[in-house]
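Heads up: the structure comes next, in structure tokens.
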Amino acid sequence: MKSYLAFVKGYMTTFIVYRAGFIFTFIGNCVYMGLIYFLWKNIYSGAATLHGMSFNHVFVYLSLAGSLFVLFKTFAGWNISKKIIDGSIIMDLIKPLDFQLQTLFGAIGVALSSLITVTLPSVLVLFLVFGGSLNGGIGLFFFPIGLSFAFLISFALDYVVGLISFYTHSLWGINMTKEVVVSLFSGALVPLQYYPEALRAVVKYLPFQAIYHVPLTLATSPGLTPVDCLSLLFVQLCWVLILFTASRLFFRVAVRVLMVSGG
Numbered sequence: 019m020k021s022y023l024a025f026v027k028g029y030m031t032t033f034i035v036y037r038a039g040f041i042f043t044f045i046g047n048c049v050y051m052g053l054i055y056f057l058w059k060n061i062y063s064g065a066a067t068l069h070g071m072s073f074n075h076v077f078v079y080l081s082l083a084g085s086l087f088v089l090f091k092t093f094a095g096w097n098i099s100k101k102i103i104d105g106s107i108i109m110d111l112i113k114p115l116d117f118q119l120q121t122l123f124g125a126i127g128v129a130l131s132s133l134i135t136v137t138l139p140s141v142l143v144l145f146l147v148f149g150g151s152l153n154g155g156i157g158l159f160f161f162p163i164g165l166s167f168a169f170l171i172s173f174a175l176d177y178v179v180g181l182i183s184f185y186t187h188s189l190w191g192i193n194m195t196k197e198v199v200v201s202l203f204s205g206a207l208v209p210l211q212y213y214p215e216a217l218r219a220v221v222k223y224l225p226f227q228a229i230y231h232v233p234l235t236l237a238t239s240p241g242l243t244p245v246d247c248l249s250l251l252f253v254q255l256c257w258v259l260i261l262f263t264a265s266r267l268f269f270r271v272a273v274r275v276l277m278v279s280g281g
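Take any residue in the sequence shown, count from 1 to its spot, add 18: that is its number in the working numbering.
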């Protein structure tokens, strides 16, 4: 375990030096909060609730989604692709350590950097400047677990995309497609309650809603019961197990075709 924790420290140290990038990301988050505040304020003009959600509920939900976006941006896929291009991935593969766990703990280091420099400051702005308030009820107690599962699912998807670069080397188009699909079907841009019923019926069988919709529902929905919360967490846990198992099997196949020209 000590060897894997070294990846957390290494990646955290590497990413936290990019202070300017974190500052601009934080500013961008604040601007985004302002935009969705006035946009949804106008949408809710004269209405107490829409689709069962109040203005404060939607605003806090989407603001938290924006704050979590940077936290879930693991860069796992990009890092794998970069290492394939420059040949340094060989050094990772010859280490007596599990490659998936190396990548996971590196992603945790990146996430901790983002949590400290962007996510937590953005949440403070949400509550202190914009006056947002959480009415999550008992779901708030389950939120940390839901957040952890959501991170693991996001990482697993990034990791699978990274493994595709074993075949393609270039990752830009594939990763952009993944980002768009996740954003559209996770509830990160618009709460899933606003989606047509037919589309919601499809989305609930996809892993993407477990990244944003589930943890944000736990944090912002006051009417949840303990059974509701455990049901949501169970869905996340299933996707964690499915995606991690599938990605490990995919790695065994992909590593056989790996070709590098750097070094």
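Note that beta-carbon positions come from the ideal geometry of N, C-alpha and C, so glycine has one too.
Where residue i falls: helix, strand or coil (DSSP)
{"i": "T243", "result": "coil"}
{"i": "K101", "result": "helix"}
{"i": "K20", "result": "helix"}
{"i": "V26", "result": "helix"}
{"i": "L10", "result": "Look at the range of the chain in this structure, 19 to 281, and you will see that residue 10 is not part of it."}
{"i": "H187", "result": "coil"}
{"i": "K196", "result": "helix"}
{"i": "N60", "result": "helix"}
{"i": "T263", "result": "helix"}
{"i": "F90", "result": "coil"}
{"i": "I34", "result": "helix"}
{"i": "G281", "result": "A caution first: G281 carries a pLDDT of 47, below 50, which makes its placement in the model too unreliable to give a value."}
{"i": "P209", "result": "coil"}
{"i": "F44", "result": "helix"}
{"i": "V1", "result": "The shown model of the chain, from 19 to 281, leaves out residue 1, and the question about it has no answer."}
{"i": "I108", "result": "helix"}
{"i": "Y230", "result": "coil"}
{"i": "D176", "result": "helix"}
{"i": "L276", "result": "coil"}
{"i": "S249", "result": "helix"}
{"i": "I156", "result": "coil"}
{"i": "L133", "result": "helix"}
{"i": "F161", "result": "helix"}
{"i": "L300", "result": "Past the boundaries of the shown model lies residue 300; the chain is included only from 19 to 281, so the question cannot be answered."}
{"i": "G284", "result": "In the structure as shown, the chain begins at 19 and stops at 281. Residue 284 is therefore absent and cannot be evaluated."}
{"i": "Y13", "result": "In the structure as shown, the chain begins at 19 and stops at 281. Residue 13 is therefore absent and cannot be evaluated."}
{"i": "P139", "result": "helix"}
{"i": "L217", "result": "helix"}
Bridge partners - residue i, DSSP secondary structure assignment
{"i": "S68", "result": "Note that residue 68 is Leu in the sequence shown here, rather than Ser. L68 pairs with M71."}
Environment of residue i [buried if 16+ CB atoms lie within 10 Å]
{"i": "G39", "result": "exposed"}
{"i": "T43", "result": "buried"}
{"i": "W190", "result": "exposed"}
{"i": "N193", "result": "buried"}
{"i": "R274", "result": "exposed"}
{"i": "F258", "result": "Reading off the sequence shown, one finds Val at residue 258, where the question assumed Phe. Label assigned to V258: buried."}
{"i": "V271", "result": "exposed"}
{"i": "Y230", "result": "buried"}
{"i": "F56", "result": "exposed"}
{"i": "F252", "result": "exposed"}
{"i": "I54", "result": "buried"}
{"i": "G281", "result": "Confidence in G281 is poor, its pLDDT being 47 and thus under 50, which makes the residue's placement too unreliable to answer from."}
{"i": "V88", "result": "buried"}
Proximity test, residue i beta-carbon vs the ligand SAH heavy atom, cut-off 6 Å
{"i": "V232", "result": "With respect to the ligand SAH, the structure shown offers nothing to examine, as it has no ligands at all."}
Integer Cβ distance of residue i from residue j, believed to fall under 8 Å
{"i": "F173", "j": "T92", "result": "5 Å"}
{"i": "Q120", "j": "I171", "result": "Rounded, the Cβ-Cβ distance is 19 Å, inconsistent with contact."}
{"i": "L144", "j": "S81", "result": "5 Å"}
{"i": "S201", "j": "L207", "result": "5 Å"}
{"i": "G127", "j": "Y29", "result": "3 Å"}
{"i": "H75", "j": "T243", "result": "Not a contact, Cβ separation roughly 18 Å."}
{"i": "F161", "j": "M51", "result": "Not really, about 19 Å apart at Cβ, beyond 8 Å."}
{"i": "V26", "j": "F123", "result": "5 Å"}
{"i": "F90", "j": "A168", "result": "7 Å"}
Cβ of residue i within 7 Å of any chain C Cβ
{"i": "G70", "result": "Of the chains in the structure shown, none is chain C; there is only one protein chain."}
Would you check if there are 3 or more beta carbon pairs closer than 8 Å linking the segment 93–105 to the segment 174–183?
-> yes
Flag this pair as touching only if the segment 221–236 and the segment 75–90 have three or more C-beta atom pairs under 8 Å; answer yes or no.
-> yes
With contact counted as at least three CB pairs below 8 Å, one residue from each stretch, are the segment 43–61 and the segment 134–143 in contact?
-> yes
Is it a yes or a no for the segment 63–74 touching the segment 218–225, going by three-plus beta-carbon pairs under 8 Å?
-> no
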